[in-house]
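Residue numbers for the sequence shown, in mature numbering (1 follows the signal peptide of the UniProt record, and there is no 0): -24 to -1, 1 to 573.
Glycine included, C-beta positions come from ideal geometry on N, C-alpha and C.
All values derive from a computational prediction rather than experimental measurement.
This report concerns only the one structure given below.
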Amino acid sequence: MRRSLLHFYRLISCLLVICGTVNAHSVNAQSVVALRNIDGRHQLIRNGEPYFVNGAGGQTHLELLSRMGGNSIRTWGSDDIGSVLDEAHKHGLTVSVGFWLGHERHGFNYSDADQVRRQREDCLRVVREHKDHPAVLLWAVGNEMEGDGTNPLIWKAVQQIAAECKHIDPNHPTMTVIHESIDAKIPQIENLCPSIDIIGINTYGSVLTMPSRYRAAGGSKPYLLTEFSGRGHWESPTTPWGSPIEATSTAKADSYRAAYETAVKNQPGLCLGSYAFYWGNKQETTATWYGMLLPDGTRVASADAMSEAWTGKQPENRCPVIEPPQLSKTAGIKPGEVITASVSTSDPNNDPLNIQWVLRRDSKTIGTGGDFEPAEPDVKGAVVSDGANASVTVPEGLAAYRLFAYVYDGQGGAAVANVPLSVDVSPAAMEQARFPLTLFSDDHTDAFSPSGYMGNVESIKMQISTDNPHSGKACLQVDYDASDDWGGVIWQSPPNNWGDQPGRWNLTGATALEFWVRGEKGGEVISFAMGYLGNDKAYPDTGKAERADLTLTSKWQQVRIPLTGKNLQRIATGFGWSAASKGQPFRFYLDDIRYVK
């Protein structure tokens, strides 16, 4: 009997050791994620259990995300992805691992087989290294790399990466992420990318109609809502002086709720979940347009809205409520003038509120695709505040500012709103131009100098040419001799003026910027503009106009950029061109560049 008991205890001990070993391995084992389709209804299955994505884009403050009911994060690229996976797993979160694919507008050439191959190898290296990490949910091949969606070479590259992903790692699905203009893109993915399991869709102001448009476009694959918030900065109304108008953090929360309700919750069997944008803080048009958190991790109401969507209940302590600030004056402000501001706030939990006012420069930037933007600096000493009221002494030197009101509840919640301001910049020091004002011709003046080289400057060469000028004896030949990257040149006054010194010209009275241009071969795509200096500069241009992405022919064509209604009181950058190589060098010609009345 004693011997039998001893044997029994030894057996139990062995089983405990074995079980402990199995459990330890299961914690670190690869998670198996499958996509199930039953009678046309799609569902993610993770480790044998249904999995609905309650996520956000970003990779900071993950403990807070998990605590508020989130279960997944999304990355746009795979830099340092091992650390991201470890941190996510630590907080019980999965990761949609993004592969950043090149964008043609940044100079990537999908006709360059070597460039495409290197990109594919970089992606597959990540799959091989991290496919067994338990936090991996899926592989996301690209983000808005498709442009208008008509280049089949892009979809071919996506398909090749996705197919190899599935070969290397059959235990995680694949996704590609596209921008909201889905009508032409969905058929391309359906037809050209059979190895893509899920379509990720980034959509903002049009999110409420996206599900019906997705079906109408023939979408049969399930989708994830991979970016959403309120209106994008490019979709929002602007002030008369061109500054996008940002909604309050309180109003944005309503947009998050409506987007989730319509495009996620009400689409069972088609939508697999969502990633709200943006779990963190970033400068994009303003310091607060998209962040669900402030830089110190304080929540704004969009985070609370998503927590309620994920968990079905409101956070125990909710963020403050803010109304749009009221100002005594927002336009026609003179440098040095004092204006007053007030803001109405409340708190759902009756927490005492601390209100802080900040004045920042406003670049009036309407960027593209989330490209990097430098933070707008605070203007020190301009604001004197007493809680909900403030007085602002508007500084000299810039034409546009934003006044921000931040409201803190002391419990980890905040609210924020801002108002753009327009300042009258005196043109007194500027020389009034007489028209036509010529920048280049046989008898060109020194009104502006082509001194502002940009991008891959070593590959840019401009010289006088007698090869078939539009008029007179000569024209300007422009060469870019690299097969990648981009370049451009700005005509400046004075030379090399990047906004750190006053310009020379008051161009008031000009109705258009006119010039003639032709390509060496035809098909070259060049962008032209004037007024490059934004309000992040000490001496910005007061107006801007452009003709973007002009396709050239081999024959001379006249381009006319209208200027009626533009503020031309101070212009330091009178003309410029820029272009990406698109995989090959290019040459084009300019002639008879002038401002006309």
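Simplified DSSP state of residue i, which is helix, strand or coil
i: residue 131; result: helix
i: residue 425; result: strand
i: residue 294; result: coil
i: residue 580; result: Given that the chain is displayed from residue -24 to residue 573, the structure contains no residue 580 and the question cannot be resolved.
i: residue 207; result: coil
i: residue 316; result: strand
i: residue -23; result: Residue confidence for residue -23 is low, a pLDDT of 36 falling below 50, so the modelled location carries little weight and cannot support an answer.
i: residue 20; result: strand
i: residue 114; result: strand
i: residue -1; result: Any answer about residue -1 is weak, because its pLDDT of 31 lies below 50 and its placement is not dependable; what the coordinates show is given next. Three-state DSSP puts residue -1 in a helix.
i: residue 43; result: helix
i: residue 403; result: Residue confidence for residue 403 is low, a pLDDT of 48 falling below 50, so the modelled location carries little weight; the figure read from the coordinates is stated next. Of the three classes helix, strand and coil, the one that applies to residue 403 here is coil, per DSSP.
Limits of the beta strand (DSSP E) - the one that residue i falls within
i: residue 92; result: Not the beta strand (DSSP E): residue 92 falls in the alpha helix (DSSP H), residues 89 to 106.
i: residue 438; result: 436 to 441
i: residue 369; result: 365 to 369
i: residue 27; result: 25 to 27
i: residue 335; result: 330 to 337
i: residue 229; result: Element bounds for residue 229: not the beta strand (DSSP E) but the alpha helix (DSSP H), 225 to 236.
i: residue 527; result: 521 to 527
Cut-off 8 Å between Cβ atoms - residues of its own chain near residue i, not counting five sequence neighbours on either side
i: residue 536; result: 488, 489, 490
i: residue 482; result: 403, 406, 407, 408, 409, 544, 545, 546, 547
i: residue 325; result: 293, 294, 385, 387
i: residue -7; result: Legend: pLDDT at residue -7 = 37, less than 50; position of this residue unreliable, no value from coordinates given.
Beta-bridge partners of residue i, as assigned by DSSP
i: residue 267; result: DSSP lists no partner for residue 267.
i: residue 141; result: Paired residue(s): none; residue 141 is not in a bridge.
i: residue 408; result: 482
i: residue 546; result: DSSP, once it has assigned bridges, lists no residue as partnering residue 546.
i: residue 398; result: 376
i: residue 494; result: 565
i: residue 532; result: DSSP output for residue 532 lists no bridge partner at all.
i: residue 571; result: 413, 489
i: residue 215; result: In DSSP, residue 215 forms no bridge with anything.
i: residue 515; result: Paired residue(s): none; residue 515 is not in a bridge.
i: residue 538; result: 488
Residue closest to residue i, alpha-carbon to alpha-carbon, out of the options
i: residue 409; options: 479, 509, 117; result: 479
i: residue 356; options: 370, 363, 365; result: 370
i: residue 155; options: 167, 140, 178; result: 178
i: residue 215; options: 165, 485, 338, 256; result: 338
i: residue 257; options: 269, 94, 127; result: 269
i: residue 451; options: 394, 459, 440, 457; result: 440
i: residue 142; options: 114, 168, 124; result: 114
i: residue 387; options: 323, 377, 437; result: 323
i: residue 470; options: 559, 437, 431, 427; result: 427
i: residue 382; options: 297, 412, 144, 417; result: 297
i: residue 434; options: 460, 498, 423; result: 460
i: residue 63; options: 35, 50, 72, 31; result: 35
i: residue 118; options: 111, 107, 175, 336; result: 175
i: residue 68; options: 38, 157, 279; result: 38
i: residue 71; options: 94, 132, 9; result: 9
i: residue 217; options: 396, 267, 200; result: 396
i: residue 496; options: 505, 517, 562; result: 562
i: residue 468; options: 153, 379, 149, 553; result: 553
i: residue 259; options: 14, 352, 220; result: 352
i: residue 262; options: 456, 329, 219, 442; result: 219
i: residue 126; options: 477, 93, 233, 86; result: 86
i: residue 506; options: 32, 425, 307; result: 425
i: residue 305; options: 378, 222, 14; result: 378
i: residue 190; options: 181, 157, 204, 173; result: 157
6 Å CB neighbourhood of residue i in its chain, flanking five on each side removed
i: residue 367; result: 314, 316, 360
i: residue 492; result: 446, 532, 534, 567, 568
i: residue 79; result: 121
i: residue 53; result: 74, 76
i: residue 299; result: 320
i: residue 332; result: 382
i: residue 131; result: 164, 168, 169
Span of the alpha helix (DSSP H) around residue i
i: residue 161; result: 161 to 168
i: residue 58; result: 57 to 66
i: residue 286; result: 277 to 287
i: residue 188; result: 186 to 192
Cut-off 7 Å between Cβ atoms - residues of its own chain near residue i, not counting five sequence neighbours on either side
i: residue 539; result: 486, 487, 488, 489, 521
i: residue 136; result: 96
i: residue 498; result: 528, 529, 530
i: residue 196; result: 166
i: residue 572; result: 411, 412, 486, 487, 488, 490
i: residue 144; result: 100, 103, 104, 107
Proximity test, residue i beta-carbon vs the ligand NAD heavy atom, cut-off 7 Å
i: residue 321; result: As for the ligand NAD, it is missing from this structure, which has no ligand bound.
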